[in-house]
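Here is the structure we will look at.
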Amino acid sequence: MISTPVSHSSVPKVVILGAGVSGLSAAYELTRRMERERLKVDITVLEASQYVGGKVKTETAQGFIFEAGPDSFITAKPHALELISELGLSEQLLPTNPGPQTVYVYSAGRLRPVPEGAGLAPGRLWPFLSSGLFSWKAKLRLACEPLVPRATGEPDESIAAFIRRRLGPEILEKMAGPMLGGIYAGDCENLSLQSTFPQLKEMEQRGGLIKAMGKARRPSSGDKTMFMTLRGGLACLTESLALRLPSGTVRTGATVRKLERGGGFWQVRTSDGVLTADAVISALPAPILAQAADDLDFELASVLKEIPFVSTATVSLVFESRDFSPALRGFGFLVPREEGKKIVAGTYSSAKFPGRAPEGQVLLRCFLGGAGREEIAEADEESISSCALSEMREIFKSPALKPRRARVFKWPKANPQYTVGHGLRLKRIESCLRGHPGLVLAGCSYYGVGLPDCIHSGRLAGERIFNSMLRRRYV
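Position one of the sequence shown corresponds to residue 173 (the working numbering), numbered consecutively onward.
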């Protein structure tokens, strides 16, 4: 696959590295803008695997919907909902099931409900004071949060240091740590507050977390719940994005080897040839891009390598409804690191969203691995499945629990860690990129790991290429 050099009078060529949701969103946005201006562009999206979507991967079988990666997205950020609307998928949107939306914490051998009103921080004090999850010492410490002085000095600190300082160590251990760290499959002792949950720092400056969360607007009782998904699974989104691109745009099975610059153009060396382009959007994980860009810019590659990634695995387990008596209530559970389990969290998939499993069946999903617990996620599938089942039996106090079906999905080194200093690393990356016009980065390595953030980063990358390279140069 050898391309010929392009000239200033030819159709501009853009190569996008990675066909996950960020790379596909970048291609969609660039295509959309060029078509709106009635301009031509030659876009090639390179994907190392044999499917599009990256970590957005859905499998369907016998009435079950198995999500390998994310199973939903947060509606507080508009980017996913906007894209779904543009793609004509709004009728496929599913809110969470009505009824109890309780999340539990496995503590001292029991599943205990997280107090009502718990979000990123306590929104209502009384449910916490009446909860059996926390000791009275922890409750008194929590009640004093409005009196804790605001921090001054160091602009960045770990999530753990912040929560411990404002809410106390027990709230960190039993609720905030599993909840906030779980989103990033990370260790709150190392994750940067400023790069993960900057809104908590802002709340501190506005009088404290309890006061700010109490004023925060809750989701309405209408159709728009805090979390939503698509009827056929989230892969419907990435598949729809790919279908919106011109035929032949996406090339699967194409591993990027080298990113080079020469003769005024970009050269992308792949497993089966070389492509020449006017601009490149990389939606690759930072360490993968670092390998490809090592000869291009040693400083850029070095900073990219400083963004750590960890391995995780998900295990979907199918049971009969009668295996659970009483029936499961709520959306799932969290497991604090201090409990010594390999399971990080579990989702009651068939209770969370409709249509995930046939009538009379229960679909549960377990998450394993992450920072400090990667060994199990990097084991073979049988070991991962056995571990998940063993710990689920213990958590549910049901030693005879036997799944009718199990499906394991492994994600080796696929989860970026926004550790303390991440913001400074991003500034160094941006400084390096100023020396490489036509190279733009997108994806979960930099400014957010959720589906809306990844969509937003991809569309911004497409817009930047359109504005800074293509439109200025060819219009």
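Note that CB positions come from ideal geometry on N, CA and C, so glycine has one too.
Ranked by Cα distance from S522, the first of S303, E239 and R636 is E239. Scanning its chain for C-beta atoms nearer than 6 angstroms, with the 5 sequence neighbours on each side dropped, one finds around F638 the residues L202 and R205, in chain order. Within a 10 Å sphere around the beta-carbon of Q222 sit fewer than 16 other beta-carbons, which makes this residue exposed. Residue environment analysis places K569 among the exposed positions, since fewer than 16 neighbouring C-beta atoms fall within 10 angstroms of its C-beta. In the DSSP assignment, E411 falls within the alpha helix (DSSP H) that extends over A407 to R416.
By the beta-carbon neighbour count (other beta carbons within 10 angstroms, threshold 16), G380 is buried. Bridge partners of D214 according to DSSP: K185. In this structure, the CA atom of L632 is about 25 angstroms from the CA atom of Q264. The Cβ atoms of G532 and A517 do not sit closer than 8 angstroms to each other.
The beta carbon of G630 lies closer than 6 angstroms to those of S194, S197, A198 and A614 in the same chain, with the five residues before and after it left out. Of N362, L363 and A384, the smallest CA-CA separation from L372 is found for A384.
Per the coordinates, the alpha-carbon of H628 lies some 42 angstroms from the alpha-carbon of P498. When beta bridges are read from the DSSP output, Y276 appears opposite P285 and F505.
The count of Cβ pairs closer than 8 angstroms, one atom from the region 396-404 and one from the region 359-372, stays below three, leaving the stretches out of contact. For K514, no beta strand (DSSP E) encloses it, and the DSSP letter there is neither H nor E. Under the DSSP assignment, V475 falls in the alpha helix (DSSP H) whose first and last residues are F470 to K477. As the crow flies, the alpha-carbon of D469 is around 28 angstroms from that of D328. Look at Q234 here: in three-state DSSP terms it is coil, with no helix or strand label.
The criterion of a C-beta distance shorter than 8 angstroms is satisfied by S617 and P588. Counting along the chain, no beta strand (DSSP E) covers R205; the unbroken alpha helix (DSSP H) around it starts and ends at V193 to R208.
Counting every other CB atom within 10 Å of its CB across the protein chains shown gives D467 a total below 16, marking it as exposed. Relative to the Cα of V487, the nearest Cα in the group S493, Y356, Y520 and P270 belongs to Y520. Its chain contains L472, L611, V612 and L613 as the residues whose beta carbon lies nearer than 8 angstroms to that of L605, once the 5 sequence neighbours on both sides are disregarded; these appear in chain order.
DSSP places K227 in no beta strand (DSSP E); its state is neither H nor E.
If you draw a 10 Å sphere on the C-beta of Q439, you find 16 or more other C-beta atoms in it, and that means buried. Annotation: the region 298-336 contains the following complete segments of the alpha helix (DSSP H) (minimum length 4 residues), in chain order: 308-315.
Straight through space, the alpha carbons of G226 and A414 are spaced by roughly 12 angstroms. Bridge partners of M400 according to DSSP: F245 and P267.
Taking the Cα of A458 as reference, the smallest distance to any Cα among S279, R416, H594 and P242 is reached at H594.
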